[in-house]
Structure formats: structure tokens, C-alpha cells
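Residues 1 to 552 (UniProt numbering) are what the sequence shown spells out, left to right.
Step one of this worksheet: look at the structure below.
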Amino acid sequence: MSAIGEKRSAEHEPSFNKKSKIESRNEQKSTRFERKSHDKNFEMIVQAKKVWEQLRRGDISRDEQKNLMAKIMSIIGGKVQDVIFKHDASRMIQTCLKKGNAEQRNQIAQELKGRFVELSKSMYGKFIVMKAIEYCHKQRDQILVEFRSHVRKLIRHKEASTVIETFYAQYANAAQRHELLAEFYGPEMTLFSNGGGAKTLDELLASFPEKKEPVLRYMSETLQGCLDKGTITNSIVHKALYQYMTLADDKGREEMMGHLKDSLQEIVHTREGAWVAMICLSIASPKDRKNIIKAFKPFLVKIASDEYGYLVLLRLLDVTDDTVLVSKAVLGELSKHATELFADKFGRRFFMYILAGRNTRYLSPETVQLLKEGDQIRVSKKEPEIRAQEILSATSPQLIKLVTENTPTLMREKLSSQVVQEIMLHAVGDKSAAIDAILALAAEDIESENHIIQDRFANRIIKAMIKADTAESENDKAVEPLEFAPKLLEVIKPHLGHFATNHGSYVVLALAEEPSTKKEVKKELKSHKKDIEEAAKTNSGSKLLLEAISKK
Numbered sequence: 001m002s003a004i005g006e007k008r009s010a011e012h013e014p015s016f017n018k019k020s021k022i023e024s025r026n027e028q029k030s031t032r033f034e035r036k037s038h039d040k041n042f043e044m045i046v047q048a049k050k051v052w053e054q055l056r057r058g059d060i061s062r063d064e065q066k067n068l069m070a071k072i073m074s075i076i077g078g079k080v081q082d083v084i085f086k087h088d089a090s091r092m093i094q095t096c097l098k099k100g101n102a103e104q105r106n107q108i109a110q111e112l113k114g115r116f117v118e119l120s121k122s123m124y125g126k127f128i129v130m131k132a133i134e135y136c137h138k139q140r141d142q143i144l145v146e147f148r149s150h151v152r153k154l155i156r157h158k159e160a161s162t163v164i165e166t167f168y169a170q171y172a173n174a175a176q177r178h179e180l181l182a183e184f185y186g187p188e189m190t191l192f193s194n195g196g197g198a199k200t201l202d203e204l205l206a207s208f209p210e211k212k213e214p215v216l217r218y219m220s221e222t223l224q225g226c227l228d229k230g231t232i233t234n235s236i237v238h239k240a241l242y243q244y245m246t247l248a249d250d251k252g253r254e255e256m257m258g259h260l261k262d263s264l265q266e267i268v269h270t271r272e273g274a275w276v277a278m279i280c281l282s283i284a285s286p287k288d289r290k291n292i293i294k295a296f297k298p299f300l301v302k303i304a305s306d307e308y309g310y311l312v313l314l315r316l317l318d319v320t321d322d323t324v325l326v327s328k329a330v331l332g333e334l335s336k337h338a339t340e341l342f343a344d345k346f347g348r349r350f351f352m353y354i355l356a357g358r359n360t361r362y363l364s365p366e367t368v369q370l371l372k373e374g375d376q377i378r379v380s381k382k383e384p385e386i387r388a389q390e391i392l393s394a395t396s397p398q399l400i401k402l403v404t405e406n407t408p409t410l411m412r413e414k415l416s417s418q419v420v421q422e423i424m425l426h427a428v429g430d431k432s433a434a435i436d437a438i439l440a441l442a443a444e445d446i447e448s449e450n451h452i453i454q455d456r457f458a459n460r461i462i463k464a465m466i467k468a469d470t471a472e473s474e475n476d477k478a479v480e481p482l483e484f485a486p487k488l489l490e491v492i493k494p495h496l497g498h499f500a501t502n503h504g505s506y507v508v509l510a511l512a513e514e515p516s517t518k519k520e521v522k523k524e525l526k527s528h529k530k531d532i533e534e535a536a537k538t539n540s541g542s543k544l545l546l547e548a549i550s551k552k
């Protein structure tokens, strides 16, 4: 056999000297156990862990929990600081803070005194601090004292930033939030007033107006550090950002916008974060807006349906002169999820804004005021009315198509039906296909379940479309004649008497009041008057209809 053959043969022979994986793992486990056993706290941790395994269960009684807490506290009492940075022990302390009584919690918090900053930076220790903040109400001020002069570093630390954000967003009272925020203002400003608590930034600058420039400079450096360290998603950072953007001069705002423009999608989920994004969009150049839209694209659906994020998209509509870009990049993407967004409380508002503008029927007065304030700083060439009309013209074909292709679903859903109504009344362009789709539903078997004429949401759209050509209010009047009433009457005429005696009576009433169909409806309903009179006893729509057809 050649040397190569002998070598290959040897490679395939079983090696009796090699350890199996199980043996190797057992040996490693034994070595690890032996190493741990040299730790002076090893026995204490082993005992505490046995109790903790029972304590952490969710099916124990209150008495059992009380006894187990007393037992584990007798083991770890006075030794908490010795084990806080160990993974398993850290979980035990968290459970004790969660399940202990006030006295036991405060005892643990007292033992942790002086270590909260260090713990906050630890991968495991940070969870102990967050549990202490959550459950040790009386110790929060003490924890805050330890954080003093460290917040600027902690908020830029990967682990510790979570602790600061949790404290600020979930558990701090107003004074504590001001104290945490004050760390962004710099050492020249007194962050923690021993006399009457921390002051707001406005109050501080009112007292020390000469400090405005150094404060803004310090804030800018701190905020840029948060951007660099990836901790920009925290709401405390958003609050500081908003304060900076409202106080800085044009140059300062533009510089900060330059740092933020690629990360705006990371801050729009909070109120102040959305406000900052709106300011950035207002002062951005056309090129920057294009890049912002590009960065938004993967997150557009999430932003549109967010409680605050949708405001950013409304601002985008207000300031972007490139209406073709908005139509293709933004509406084009959102249209793919139209049935989902139309039915969403916030998701539909982007579409409604295109169709109805700042109508308080769909936006709160506070939101309208917020949008008006942004008008004062926006940098755009086109007049608002021209931009709005161009966006409406560019997006209308897509919106009308959405109605045409999804009529049965959109008409019968509460929030979606309102969007459909606005599209049919205020979108521009050929709506004949959408009207035909609606008429096709009206022509379905009257015995079919949830017929479109009787559906409580769909028939509101139909009533609005019947009256749209003659309505006096701008909100209710179609921008282009629909001529819908005669077409609908032709479709449902054979069943007019049927609809006059149920929830469809409101649609029939609208036809009876519309000049183009009034005469024919009255004529058609003469033979059904007795049925309508009977229905009027329990149906308010039939009652109103009876009054309408009885008039001469």
C-alpha cells in the first residue's frame, strides 16, 4: 500500500484516544463547577438559587411567596453587592425586587446604594436597576442622586441608555424628568436645584439668558454623541432634540438636521420625535427631502399608522414640491397596503389629508394648529394651494383605482368607508369604473347578506354620493359632477319598496329629496305607501321618507 493509501486508511479508522462530545462536555462542566466552587459566595448562591427556583414560579400562593421571600432574604441579606454582576444571581435579585414586600425591596435598594451607575452599564446589572426603579418608589430620588452628572455619559451607553429611558419615560414624575433632561444643558446650568427642584429649560434661560449659547452648544455635542452611539431612539433624547430645534438659530437647526436626516425614521414614534422630524422636513432642501423619503420607504406603512408618525407624512405633503416623487415613492408604497391603512385610525389620515386637507372632521384642532405653525418655517417654492392641487391630481388615479378594485371590502368597513366617500367626492379624474363597481354591488340579490344599500357604513357613502352634485357645503359637494342618483335609481328601482321599509330607507330618502330623482321616486313608492306607513312605526328612516313623499 502506498504511503498516501496508508494515511487515508488511518484517517478512517476509529480513534479510541479521542474523547466523545459528551465526555468533553462533562469535563468542561466539572471544571467550571470547580472554578465556581472557589468563589467565596458559591455556597450562598447555590442555596439562594434553590429557593429562587420555587419563588419565580407563577403558581405559588401568597403565603408560599411570603415564606420563600423570607428564606431567600435570610440567605442573600447583606451580601447583595457581592453577586449583582453574576448572571444567575442578577435574575434572583430581580425576582426579589418584584415579589418582595416594601421592607424587603428597600433593604435590597439600600444594599445597592452607590452602585447604580456601575450596574446600569452592566449587561445583567441594568435589569436590577430597572426593577429597583419600578418597585422601589421611595428610592427613586436616591437613584436619581447617583445619576447626577452621569446622565450625559449614560444616555450614550448601549446598556445604560435603556435604564435612563425607562426611568424618564415610565416612572419619573415631572420634577425628576426635568432633572434628567437638565443633564443635556451642561454643567454651567444648575441641574439639580436643592431649593425647589429642577427648572425647565425655558425657566433656566429666562433666569440666565446669557447662557443660551453655551447651553445650545453643549446640547448639540451631547445629541450628536447620542446619534453616534445609536441611542437616538430614546424619548428623552427626542425631548432634548425638540428643545434644541426650537431654540437654535437657523444655522444650528440646519446643522442638526444634517446629522439627523438619515435617521429620522428612528425618532418618529414619539410626540417630540415626530415634531423634530416635521421641523427637519420643513427646513430641508429638495435634495435632502428626496433622501429622507428614500430612507423612509421601508418603514412607510409603520410610520403612516403610528400615533405620531403620520404627522411627519402630513408635513411631507405640505413641503415637498416634487409632487411626482410623493405620488410614486410614498403613495405608491402605501397603496400596496391600502385596505389595511384605510381601516387604521391613523393610517387613513395620510389619504384623507390629500383629499380633505386640514378638515377638523378628520383632524383635531390641535393637530391643525401644529401644522399651521410649521407653515411659518417651511422652505418651498410652490404656493400651498398649487402644491395640494398637484398632489391631488397626481394621486387621484391610484386612489380611484383602489376603490374600484376593493369596493366590497372598503365600503363595508367603518373607517375605510369614510376614505372611500372622500375619494368619490374629492378625487379628480374619471370615476366611472368605481361608480360601476358600486352599482354592481347595489344590483346584487336583495336577500343577500349585508346588502350594500342596507349596510350601515356603505349606505352613508351612497347617500353622500346621491347628494354630492347639489350639496351646498364644500365638504359634501363633489369637485366634479358624479350624476350618481339617476344611475342608482335605475339599478334599485325594482326593489325600491323593499329598501324603503328597512335600513335602506335612508338611501331611498336621499333619492326622494334629490331633484334629479325626486319625482320618479315618489311615483314608484305610491303603491308601497301602506308598507312604508307600517315600517315607519319602528323605523325612523321610513318615517322621514313617508313625510318626504307625502309633501306636495
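Note that CB positions come from ideal geometry on N, CA and C, so glycine has one too.
With respect to the C-alpha of Phe346, the residue from Leu415, Ile452 and Met257 having the closest C-alpha is Leu415. In the pairwise beta carbon analysis, the region 440-459 is classified as not touching the region 385-402: fewer than three pairs are separated by under 8 Å.
Gly309 is a Cβ neighbour of Ala274, given a cutoff of 9 Å. In this structure Ile143 is buried. Its beta-carbon is surrounded by 16 or more other beta-carbon atoms within 10 angstroms. Between Leu402 and Ser327 a beta carbon distance of about 13 Å is seen, past the 8 Å cut, so the two are scored as non-contacting. The shortest CA-to-CA distance from Gly258 to any of Pro214, Val268, Gln224 and Thr233 is the one to Gln224. Closest in alpha carbon position to Val276, among Leu264, Pro286 and Ser285, is Leu264. For Gln65 and Glu103, the gap between their C-alpha atoms comes out near 15 Å.
Annotation for Ala468: Met424, Leu425, Asp476, Lys477, Ala478, Leu482 and Phe484 place their beta carbon closer than 8 Å to its own, counting only its chain and skipping 5 residues before and after. Residue state for Ala102 is assigned as helix, using DSSP reduced to three classes.
Runs of the alpha helix (DSSP H) lying entirely within the region 229-305, each at least 4 residues long, are 235-247, 250-260, 271-283, 286-296 and 300-304 in chain order. When the alpha-carbon of Leu371 is set against those of Leu317, Val420 and Gly332, the nearest one is in Leu317.
About 11 Å separates the Cβ atoms of Tyr185 and Ser220, ruling out a contact at the 8 Å cut-off.
Ser305 is the residue among Ser305, Leu201, Leu154 and Val508 whose C-alpha sits nearest the C-alpha of Val268.
When secondary structure is reduced to three states using DSSP, Ser122 falls in the coil class, being assigned neither helix nor strand.
Taking C-beta atoms as the reference points, Ala442 and Leu488 count as a pair closer than 9 Å. Asn106 places its beta carbon less than 9 Å from that of Gln139.
Distances from the alpha-carbon of Ile435 to those of Phe299, Leu204 and Glu405 put Glu405 closest.
Every unbroken stretch of the alpha helix (DSSP H) spanning 4 or more residues and falling wholly within the region 407-470 is given here in chain order: 414-426, 432-442 and 458-467. Judged by their CB atoms, Leu341 and Phe351 are nearer to each other than the 9 Å cut-off. Membership of Ser161 in the alpha helix (DSSP H) is indicated by the continuous run Ala160 to Thr166. Comparing alpha-carbon positions, the option among Lys71, Lys99 and Ala464 lying closest to Tyr135 turns out to be Lys99.
Close CB contacts of Gly374 within its chain, under the 7 Å cut and outside five residues either way in sequence, are with Met278, Ser282, Arg315 and Asp318 (chain order).
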